[in-house]
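Residue numbers (this note's numbering): 189 to 378. Where a beta carbon is used, it is the ideal one built from N, C-alpha and C, also for glycine. Computed from a prediction, not measured in an experiment: that's the story for all the values here.
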C-alpha cells in the first residue's frame with residue numbers, strides 16, 4: 189500500500205501505527221512550499237535591511253517572482269529596459285545577478301532553492317543527499333528551517349522519487365471545495 193502525505197508529523201505517526209507496512213511518500217508540493225516560503229522571507233528581510241525608500245528595496249520588491257522562478261525558465265537572451273536599474277537593458281539573468289550583488293545570503297538561498305527544484309525534476313537521490321549535507325551549505329536561518337524539514341522527511345522524499353506522479357493534490361482540492369461550499373452556505377438551513 190502506498191500513502192501520500194503532507195509534512196504534518198501526527199499524520200506520519202498515525203499512518204505508521206495503522207498501516208505499518210505502508211510505503212509513505214512525502215507530497216512534493218509541501219516540501220517545495222517550505223523552501224519557497226523561506227526564500228520569500230529572506231527576500232523580505234533583505235528588503236527591510238535596506239529600508240523602504242532605497243533602490244535596492246524597490247528592486248527586490250519588483251522582481252520577487254524572478255527570484256522564485258524555476259531557473260530553466262529564466263530568460264538569458266531577451267533584454268528589456270528595467271526601470272529599477274536606470275532603464276538599463278537587462279535580461280532576467282542579469283537582473284538576478286544584480287539582486288544577488290545586494291545580498292550573498294539571497295544568492296545562497298536561491299542556489300539551494302533551485303537545487304531543490306532540480307532534485308524533483310530529476311528525481312535524484314544524489315541531489316537530495318547534497319541538499320541535506322549541512323557542511324556544504326551556509327544557509328540563512330529561514331532556509332535552515334526548510335533544510336531541517338527535508339532532513340526529517342528524507343526517507344519519504346526518497347520514496348517520492350520511486351512514484352513521482354503520486355500526489356495528494358486532488359484530495360486537498362476536494363477538501364478545499366467542501367470548505368468553500370460551507371463558507372458560502374453559512375446561515376442557510378437544510
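If you follow the beta strand (DSSP E) that residue 214 is in, where does it begin and where does it stop?
211 to 214
The region 328 to 337 touching the region 262 to 272, judged by at least three CB pairs closer than 8 Å:
no
So for residue 286, helix, strand or coil by DSSP?
helix
What does DSSP give as the partner residue(s) for residue 368 in the beta ladder?
Answer by DSSP bridge pairing: none, since residue 368 is not bridged.
Going by DSSP in three states, residue 223 sits in which element: helix, strand or coil?
In the structure shown, residue 223 adopts helical secondary structure according to DSSP, grouped into three states.
Relative to the C-alpha of residue 274, which candidate in 244, 196, 230, 367 has its C-alpha closest?
The residue from 244, 196, 230, 367 with its alpha-carbon nearest to that of residue 274 is 244.
Using only CA atoms, which one of 223, 189, 326 lies nearest to residue 207?
189
With a cut-off of 8 Å on the beta carbons, I'd call residue 351 and residue 213 a contact; round off their distance for me.
6 Å
Could you tell me which whole alpha helix (DSSP H) segments of length 4 or greater appear in the region 294 to 326?
313 to 320
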